[in-house]
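In order, the protein sequence lines correspond to chains A and B. Take 343 as the starting number for the first sequence in the numbering used here and just add one per residue. Take 343 as the starting number for the second sequence in the numbering used here and just add one per residue. The beta carbon of each residue, even a glycine, is placed where N, CA and C say it ideally should be. Note that the coordinates shown come from a computational prediction; the quantities given were computed from them, not determined experimentally.
Number of protein chains: 2
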Amino acid sequence: MLSQKAKYALKAMIALATQEEGDLMQAADIAERQNVPRKFLELILLDLRKHGLVRSQRGKLGGYALAKPADTITFGQIIRIMDGPLAPIPCASLTGYRRCADCRDEKACAVRKTMREVRDAAAAILDGMTLADATGTEAAALKAAIGA
Amino acid sequence: MLSQKAKYALKAMIALATQEEGDLMQAADIAERQNVPRKFLELILLDLRKHGLVRSQRGKLGGYALAKPADTITFGQIIRIMDGPLAPIPCASLTGYRRCADCRDEKACAVRKTMREVRDAAAAILDGMTLADATGTEAAALKAAIGA
DNA sequence: TTAAACACTACTAATTTGATGGACAAGATA
DNA sequence: TATCTTGTCCATCAAATTAGTAGTGTTTAA
């Protein structure tokens, strides 16, 4: 399951990705636009800053911006920061491998093999989806809704 | 994340799938073979029985068996019983849909769209993997290990 | 009739999740 | 320089979930 934290992080990053290069968006602004508790969002943004995905400016007229181009930041990166590995089970993870305490023969384990497949499929989607892709599809959906 | 409960359930079901038609396997036996706490396993098996995936016999010489052929029971069925929907987020679930409280425009939401893709990919793998497949790959891996 | 097995209920300790509150620091502007 | 606004950081917290454990009851074969 994706935590609320990760969902809020994705939504906040998508909001930041709609900004012009050089602009700043304030936490309160993001919180209101995305319907997210402001203080909780600040925690999330802080975490994202520490991991180098956003930059921030303090003081009056301060705010947040993406630290890198929107087409170089993926859903996978954001989710791993907030929730940890994508794999459904640690023994099937690439980034956070841990052996199952109860496992007798990891090589033969069909559960592990299958969960590795699931991980790979999820990673292919999430590591392939950039913030630029996301803002693109949202803009297109909105435009279609207006057209209809 | 797959819970321990779901992992234990999968392992127990795979163990049951290795049995001859008509045989029974006792909870204590499964628990020992799969390295799972016995009482916890009994709860899991009870749950699986209530959902019609295993049948049980009480009394001396009692035990458990699959209630249906091994090639008609999938990982997806078992995981949904133990952990609920496969989707990473309720608004992307087919079997357990729930709207996000904070969502302004569900149609346009890129997070939801992407999580639906992840759900579909996971479902394709997990609903396609039967207990018969699982015992098959485990047996093959074991045979290969002995040959090497 | 008794021993061995599943069935069921209840409880609990630890962890995770989803926050909230407040003090502090930095920076723009009057 | 004063001050107001905004991000930073720390501490705390309540509710839910997870991962079990314990014990009693019920069924059945021998």
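For Leu-468(B), the residues of chain A that pass the 8 Å Cβ criterion are Thr-456, Val-460, in the order they occur in the chain.
Scanning its chain for C-beta atoms nearer than 7 Å, with the 5 sequence neighbours on each side dropped, one finds around Gln-361(B) the residues Met-367, Ala-407, in chain order. Our two residues, Arg-391(A) and Ala-412(A), have alpha carbons roughly 15 Å apart in a direct line.
Taking a cut-off of 8 Å on C-beta distances, the segment 472-481 of chain A touches the segment 350-359 of chain A, as three or more cross pairs fall below it. Look at Ala-373(A): its C-beta is not under 8 Å from any C-beta on chain B. From the listed residues Leu-403(A), Ala-370(A), Lys-402(A), Gly-401(A), the smallest Cα separation to Leu-387(A) is found for Ala-370(A). Rounded to whole angstroms, the gap between the alpha carbons of Met-424(A) and Gly-405(B) is 43 Å. The beta carbon of Leu-383(B) lies closer than 7 Å to those of Tyr-350, Ala-354, Ala-369, Ile-372, Ala-373 in the same chain, with the five residues before and after it left out.
DSSP, read as helix, strand or coil, puts Val-460(B) in helix.
Interface annotation, Met-424(A): not in contact with chain B, CB-CB separation never under 8 Å.
For Asp-469(A), the CB contacts under 6 Å within the same chain, skipping 5 residues up- and downstream, are Thr-416, Gly-418 in chain order. Counting other Cβ atoms within 10 Å of its Cβ, Ile-421(A) reaches 16 or more and is therefore classed as buried. Around the CB of Leu-395(B), 16 or more other CB atoms lie within 10 Å, so the residue is classed as buried. Residue state for Gln-368(B) is assigned as coil, using DSSP reduced to three classes. Chain-order list of chain A residues neighbouring Ile-356(B): Ala-452, Val-453, by C-beta distance under 8 Å.
The Cβ atoms of Leu-344(A) and Ile-431(B) lie closer than 8 Å to each other. Secondary structure of Ala-476(B) (DSSP, three-state): helix. Between Ala-452(A) and the set Ser-398(B), Lys-381(B), Thr-479(B), Gln-399(B), the nearest pair of CA atoms involves Thr-479(B). For Arg-391(A), there is no enclosing beta strand (DSSP E); the enclosing alpha helix (DSSP H) has its first and last residue at 380-392. For the segment 469-490 of chain A, residues whose beta-carbon sits nearer than 7 Å to a beta-carbon of chain B comprise Met-471, Ala-476, Thr-479, Glu-480, Ala-483, Leu-484, Ala-487. Secondary structure note for Ala-357(B): its alpha helix (DSSP H) is the uninterrupted segment 346-359. With its beta carbon at least 8 Å from every one in chain A, Met-367(B) lies outside the interface. Within the segment 402-428 of chain A, contact with chain B at the beta-carbon level (separation under 7 Å) is assigned to Phe-417. One finds Asp-444 in chain B with Cβ atoms closer than 9 Å to the Cβ of Val-378(A), taken in chain order. Its chain contains Cys-433, Arg-441, Cys-442, Arg-454 as the residues whose beta carbon lies nearer than 8 Å to that of Glu-448(B), once the 5 sequence neighbours on both sides are disregarded; these appear in chain order.
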